[in-house]
Amino acid sequence: MSEEIEDLLTYAKSLLDSTLVRGPVRIRITEVEAYAGPLDPASHAFKRTPRSEPMYGPPGHAYCYFTYGLHWCLNVVWGPPGTAAGVLLRAGEVVAGHQLVRERRGTTLVERDLARGPGRIGNCLAIGPEDIGLDLVNGDDLTLVMRSGPEPVIVSGPRVGVLRAADRPWRFWIEGDRTVSPYKRHSQAPAIGS
DNA sequence: TGACAGATGTACT
DNA sequence: GTACATCTGTCAG
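Each position in the first sequence, counted from 1, maps to that position plus 1 in the working numbering.
Encoded structure:
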């Protein structure tokens, strides 16, 4: 494995237990997935297109994309400009601003499920097209606060919901955390090992 | 638990 | 013009 990818995976793990803040809403990140840009067939940046252009920008910025006609998902761009790698935030736990999140999401979900899934995180934080390219590190609207405490126990596994290169173990989550998304393998992804 | 419908932007032909 | 997508909510069994 190249050093660049090792660094990406280390960064992805460092995001676990970090916090995303937007106004009164705070979400503790419990599950992430790494995408290695042009080196990764599952990444949107595998091909450089107008949509994936933000991935080629500076690190620490947001790459937001709209999928399935319904959901906005949030990635954190990683690496020097041109690397086009990023980390998808797959699940988290709402630790503050529950009331506002419930207003956005409706009240049917139990607290654990409020940010359980990439689309739900986007919904909780009101992610939209205006957030593409936003600076998450120095910004004052949507901010990523890195973990300051000890590293949690981290488990890795194959990626979820992607059709290509699904068996790369680039998904990381906090062991035993009940907010980790339950989603399964892409229905058309080949079996692991094939 | 599993299957599927849903809405629309993006990429490819 | 067409196929598909880093998904979620709902319903049937």
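Just so it is clear, CB atoms sit at the ideal spot from N, CA and C, and this is done for glycine as well. None of these values were measured; they are calculated from a predicted model.
By Cβ distance, which residues of its chain are closer than 7 Å to A35, with the 5 residues on each side in sequence left out? L9, L10, A13, V88, W171
List, from N- to C-terminal side, the alpha helix (DSSP H) runs of 4 residues or more that fit wholly inside the segment 105-161. 119-125
Whole-number beta carbon distance between G61 and D136, since they are thought to touch under 8 Å: 6 Å
Does the segment 114-128 touch the segment 47-57, meaning 3 or more C-beta pairs lie closer than 8 Å? no
Taking contact to mean 3 or more Cβ pairs, one atom from each stretch, closer than 8 Å, check whether the segment 140-149 and the segment 157-174 are in contact. no
Under 8 Å, with one C-beta from each stretch per pair, do the segment 156-168 and the segment 137-144 reach the 3-pair mark? no
T84: first and last residue of the uninterrupted beta strand (DSSP E) it sits in: Note, T84: premise wrong, no beta strand (DSSP E); not H, not E.
Please name the residue, chosen from R52, P42, E5, L75, that lies closest to L126 on a Cα-to-Cα basis. L75
Could you pull the DSSP bridge partners for H62 from this structure? D136
Can you tell me whether DSSP reads R103 as helix, strand or coil? helix
Beta-ladder partner(s) of H72, from DSSP: T68
Element boundaries [alpha helix (DSSP H), containing T11]: 4-16
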